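Participant: In my numbering, each number is its position in the sequence shown, counted from 1, plus 5. Beta carbons: idealized from backbone N, C-alpha and C, even for Gly. Please read these numbers as outputs of a predicted model, since none were measured by experiment. Quick one: structure below, then a few questions.
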Amino acid sequence: MNIALTFDDGYREQLVIARYLARRGIKATFFVITGLREFMGRELLGPSEIKEIASMGHEIGSHTVTHIDMTRAPEDVMYRELVESKRYLSELLNDEVTSFAYPYGPHSEVAARLARQVYRVVRTTYVGPARNYKLLDEHGCVVAFNLRLSNIYEVLRLKNLDTVILYTHLPSITKLNLLLMALKIMRPRFITVSELWM
């Protein structure tokens with residue numbers, strides 16, 4: 006089974022998570038906010054830290070410039086946030102950034118259309134029973150489960166999935182280790198979000 010671990014917002018503490026995963030040979034995708042220094046009272050990754058995470062083999066994706074709500078923002082504001090975030094990250098990393106995750110998860114049809122114009126892979130979130138999980142939503146966005154132990158056990162019971170995307174923000178290393186041990190049963194191949202479409 007392919008598993009894509011994703012981490013949203015780009016909190017500075019995620020550097021520790023990136024190093025932990027890299028030491029274990031696990032690649033992940035980090036969706037970072039590019040235009041803020043802090044979010045929700047926590048410091049965000051700086052340019053050198055974003056570059057360090059990318060140098061470990063992890064993917065860096067966009068999470069907009071200011072973490073706007075993509076269900077309410079005007080179309081021109083959404084488009085500017087998508088383009089400016091991609092440009093900043095692509096220039097910083099000297100490589101095209103091809104993936105994006107919606108802030109807060111939900112999105113509108115307009116947001117989906119705009120995001121697909123700018124990015125190759127667009128990730129949203131899923132809330133609900135695992136039995137109803139689908140890798141793609143009605144707008145062609147890849148869908149991620151919340152990375153919680155209860156969700157992992159639900160996913161383990163599903164027989165028809167060959168790829169699962171999981172998202173979280175700031176798990177402790179202890180919690181992350183427990184989740185990885187639970188996932189080991191599935192004999193996962195850890196991939197980045199962009200590798201889904203390679």
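(1) Report the rounded CA-to-CA distance for Leu201 versus Glu48, giving the unit in angstroms.
(2) Are there 16 or more other CB atoms within 10 angstroms of the CB of Gly66, so buried, or fewer, so exposed?
(3) What span of residues does the alpha helix (DSSP H) with Arg28 cover, start to end?
(4) Between which two residues does the beta strand (DSSP E) harbouring Val169 extend?
(5) Please check the pair Arg17 and Glu57, which I expect to be a contact at CB under 8 Å, by giving their CB distance rounded to whole angstroms.
(6) When the distance is taken between beta carbons, is Val198 closer than 9 Å to Glu64?
(7) Measuring alpha carbon to alpha carbon, tell me which residue in Met83, Val169 and Ile73 is nearest Met6.
(8) Could you work out which residue in Lys180, Pro193, Ile196 and Leu175 is closest to Val37 when comparing CA atoms only?
(9) How would you call Pro79, buried or exposed, if buried means at least 16 neighbouring beta carbons within 10 angstroms?
(10) Given that a residue counts as buried once 16 or more other Cβ atoms are within 10 Å of its Cβ, and exposed if not, what is Met83?
(11) Would you please state the rounded distance, in angstroms, between the beta carbons of His4 and Pro108? I believe it to be under 8 Å.
(12) Decide if Arg128 is buried, meaning its Cβ has at least 16 other Cβ atoms within 10 Å, or exposed.
(13) For Leu20 and Gly30, I'd like the C-alpha separation in whole angstroms.
(14) By a C-beta neighbour count over all protein chains shown, 10 Å radius and 16 as the cutoff for buried, is Gly15 buried or exposed?
(15) Rounded to the nearest angstrom, how far is the Cβ of Val123 from that of Leu87, given a contact under 8 Å?
(16) Roughly how far, in whole angstroms, is the beta-carbon of Thr173 from the beta-carbon of Asn151, given that I think they are within contact range, below 8 Å?
Facilitator: The structure says:
(1) Cα-Cα distance, rounded: 30 Å.
(2) Gly66 sits buried, since 16 or more C-beta atoms from the chains shown fall within 10 Å of its C-beta.
(3) First-last of the alpha helix (DSSP H) with Arg28: Gln19 to Arg28.
(4) That run of the beta strand (DSSP E) goes Thr168 to Thr173.
(5) Their Cβ separation, rounded to whole angstroms, is 11 Å, which puts Arg17 and Glu57 out of contact at 8 Å.
(6) Between Glu64 and Val198, the C-beta gap is smaller than 9 Å, which places the two residues in contact.
(7) Taking the Cα of Met6 as reference, the smallest distance to any Cα among Met83, Val169 and Ile73 is reached at Val169.
(8) For the residues Lys180, Pro193, Ile196 and Leu175, the minimum Cα distance to Val37 belongs to Leu175.
(9) Pro79 is classed as exposed because its beta carbon has fewer than 16 other beta carbons within 10 Å across all chains shown.
(10) With 16 or more Cβ atoms within 10 Å of its Cβ, Met83 is classed as buried.
(11) Shown here, the chain extends from 6 to 203; a query on residue 4 therefore has no answer.
(12) Flag for Arg128 reads buried.
(13) In this structure, the CA atom of Leu20 is about 15 Å from the CA atom of Gly30.
(14) Sixteen is the threshold: when 16 or more other Cβ atoms of the shown chains lie within 10 Å of the Cβ of Gly15, as they do, the residue is buried.
(15) At roughly 4 Å, the Cβ-Cβ gap stays under 8 Å, so Val123 and Leu87 are in contact.
(16) Rounded to the nearest angstrom, the Cβ distance from Thr173 to Asn151 is 7 Å, consistent with a contact under 8 Å.
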